[in-house]
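Under the UniProt record's numbering, the sequence shown has 28 at position 28, and the numbering climbs by one with no breaks.
Notes to accompany the following structure.
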Amino acid sequence: MAFPDRFSNLPDYAFPRLRALLSDITPGLAPGQAPMVLTIGEPRHPMPDFVGHIMADSLHELAKYPPNEGAPELLAAISGWLGRRYDLEVAPERLMVLNGTREGLFNAALALCPERKNGQRPVVLVPNPFYQVYAVAAAAVEAEAMFVPATPQTGNLPDYAALDPAVLDRVAVAYLCSPANPQGAVADRDYLETLVALAERHDFLIFADECYSEIWRDTPPPGALQVATAMGLPDRVVMFNSLSKRSNLPGLRSGFAAGGVAQIREMRRLRNYAGAPLPLPVQRVSTAAWADEAHVQASRALYQQKYRIADEVLADWPGYRPLQGGFFLWLPVADGEQAARTLWAQAGIQVLPGAYLSRAVDGVNPGAGFIRVALVADADQTRAALTRLRAVLLDGTGG
């Protein structure tokens with residue numbers, strides 16, 4: 001049985017493509033060396049130390065159906081965090097707990113993207129490169145996905161304001177990730193104000209993917225909902241965040257969406273039929289995690305240490321841009337697939353070709369000349385991996 005036509009042009013997911021790309025290569029490792037997998041954005045810093053005992057103490061609650069929108073205590077903890085982090089007052093009816101943000105980023109399109117906009121097929125704006133769920137969500141609602149370059153020339157953020165006003169009038173949803181995956185760029189307040197004003201002028205929603213908001217170099221990134229609220233336009237933004245990166249809990253699958261009352265009501269309504277609420281033990285751990293900042297600060301310091309290591313090892317790499325947020329290096333190379341094959345063959349290092357995170361438009365794939373390198377290992381492993389990577393791709397001295 002074939003997929004529906006609307007999914008027929010979706011490329012294979014990045015990691016199966018990488019396995020196929022490297023399948024004929026034996027990793028080049030010196031005696032005693034282990035492979036270094038720098039592909040997946042899976043945090044490896046310690047989990048908060050309270051996770052285990054809270055989970056154990058609440059196991060009996062697996063015998064209960066959890067509330068669809070989130071337990072009151074968890075919604076209160078998320079609201080409290082939004083107040084401390086962004087000085088926002090967000091009532092529980094403007095919040096919804098998610099099985100990680102991927103669920104929300106997909107289902108929000110199902111719940112909130114209209115079938116027609118101004119009598120035409122709606123457009124969903126997607127930064128290019130991008131987190132692949134954005135494109136799948138657009139396909140699922142049969143909208144026209146428009147892939148907008150987010151390259152060094154645009155500050156690695158999409159220049160939505162440069163689009164034709166006639167196109168913008170058809171836009172129903174614009175996705176934005178800040179700090180950006182994969183480039184690590186941060187949308188500043190001016191950028192966000194411009195985008196919110198554009199959404200108001202052309203009547204579309206902003207889906208703000210802010211999963212990496214707590215991993216930053218010098219200054220906490222502003223939030224899209226924070227900026228929209230200050231402009232008196234909070235209903236223009238639905239923001240998404242999770243504990244995966246913030247609290248090193250990717251396997252907990254715990255996140256949230258925050259937005260206008262009407263938007264969250266529709267997302268909750270869809271979830272009543274087509275979603276799965278978080279088990280109560282997961283919600284209890286999540287409540288504690290959103291209420292605690294000490295573990296977040298400790299983890300952030302470790303990432304900032306790795307930023308400095310990358311700056312030191314790769315300072316003279318042509319086109320190197322120091323990370324401003326998140327934990328991915330977006331390194332320019334002549335050819336991303338060839339670089340990935342060379343690194344695996346000569347140094348036993350796995351990286352992800354940038355083309356696997358992008359879509360070709362008019363024959364040009366903006367990720368083709370990059371590799372994504374995840375800085376998720378500890379500082380010593382990171383230094384060793386980047387030193388070997390540099391030796392192979394820049395110095396030509398092998399692994």
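Quick reminder that beta carbons are idealized off the backbone N, C-alpha and C, glycines included.
Computed from a predicted structure; not experimentally measured.
Measure the Cβ-Cβ separation of residue i and residue j and say whether it is below 8 angstroms.
i: G117; j: A172; result: Gly is not the amino acid found at residue 117; the sequence shown has Lys there. Yes.
i: F256; j: L95; result: yes
i: F207; j: L105; result: yes
i: A143; j: A135; result: no
i: G70; j: Q283; result: yes
i: V148; j: V126; result: yes
i: R372; j: G354; result: yes
i: V313; j: F370; result: no
i: A374; j: L18; result: no
i: E42; j: P250; result: yes
i: E214; j: R236; result: no
i: P48; j: A289; result: yes
i: E61; j: P281; result: yes
i: A111; j: E266; result: yes
i: A185; j: G155; result: yes
i: G326; j: A180; result: yes
i: G32; j: Q346; result: no
i: E93; j: T287; result: no
i: P66; j: L278; result: yes
i: C177; j: T101; result: no
i: I54; j: V361; result: no
i: L357; j: P182; result: yes
i: R170; j: V238; result: no
i: R217; j: Y86; result: no
i: P318; j: D311; result: no
i: L22; j: R388; result: no
i: L157; j: A187; result: yes
i: L331; j: V392; result: no
i: R44; j: V351; result: no
i: A77; j: A385; result: no
i: P46; j: N248; result: yes
Thinking C-alpha only, which one of the options is nearest residue i?
i: G260; options: V90, Q338, A76, L59; result: V90
i: Q132; options: Y320, P122, D209; result: D209
i: Y303; options: D164, D378, P234; result: D378
i: A276; options: S254, P322, A224; result: S254
i: I309; options: R268, R390, A345, A262; result: R390
i: L243; options: K306, F130, A109, W81; result: W81
i: A274; options: P114, A108, D380; result: A108
i: L88; options: E115, G100, E73, P222; result: P222
i: N9; options: P129, L21, A139; result: A139
i: N241; options: A301, V97, D218, K306; result: V97
i: R359; options: L22, P46, A150; result: A150
i: R271; options: N99, A301, V196; result: N99
i: E193; options: V167, G232, L163, L168; result: G232
i: A161; options: R189, P129, H202; result: H202
i: T382; options: G396, Y320, Q305, A315; result: Q305
i: F15; options: D24, I40, S299, K64; result: I40
i: R268; options: R6, D57, N68; result: N68
i: D316; options: D395, A258, L252; result: D395
i: P120; options: R84, L163, L168; result: The sequence shown places Gln at residue 120, not Pro. For Q120, the nearest C-alpha among the options comes from L168.
Taking the beta strand (DSSP E) that residue i falls in, what are its first and last residues?
i: P332; result: 328-332
i: I371; result: 370-374
i: F207; result: 205-209
i: A172; result: 171-177
For residue i, report the span of its alpha helix (DSSP H) as first-last.
i: D380; result: 379-390
i: P165; result: 165-168
i: P149; result: No alpha helix (DSSP H) contains P149, which is instead part of the beta strand (DSSP E) from 144-149.
i: I54; result: 51-57
i: Q338; result: 336-347
i: E200; result: 189-202
i: R186; result: In the sequence as displayed, the identity of residue 186 is Val instead of Arg. It is not in any alpha helix (DSSP H) - V186 carries neither H nor E in the DSSP assignment.
i: Y134; result: 133-140
i: P16; result: 14-22
Any heavy atom of the ligand PLP closer than 7 angstroms to the Cβ of residue i?
i: I371; result: With respect to the ligand PLP, the structure shown offers nothing to examine, as it has no ligands at all.
Does any residue of chain D bring its CB to less than 8 angstroms from the CB of residue i?
i: E200; result: Absent from the structure: chain D. Only one protein chain is present.
Which runs of the alpha helix (DSSP H) at least 4 residues long sit entirely within the stretch 230-317? Give them in chain order. 243-246, 261-274, 280-291, 294-313
Enumerate, from N- to C-terminal direction, the unbroken alpha helix (DSSP H) stretches of 4 or more residues contained entirely within the stretch 83-127. 100-112
Three or more C-beta pairs closer than 8 angstroms, one from the stretch 356-369 and one from the stretch 295-305: is that the case here? no
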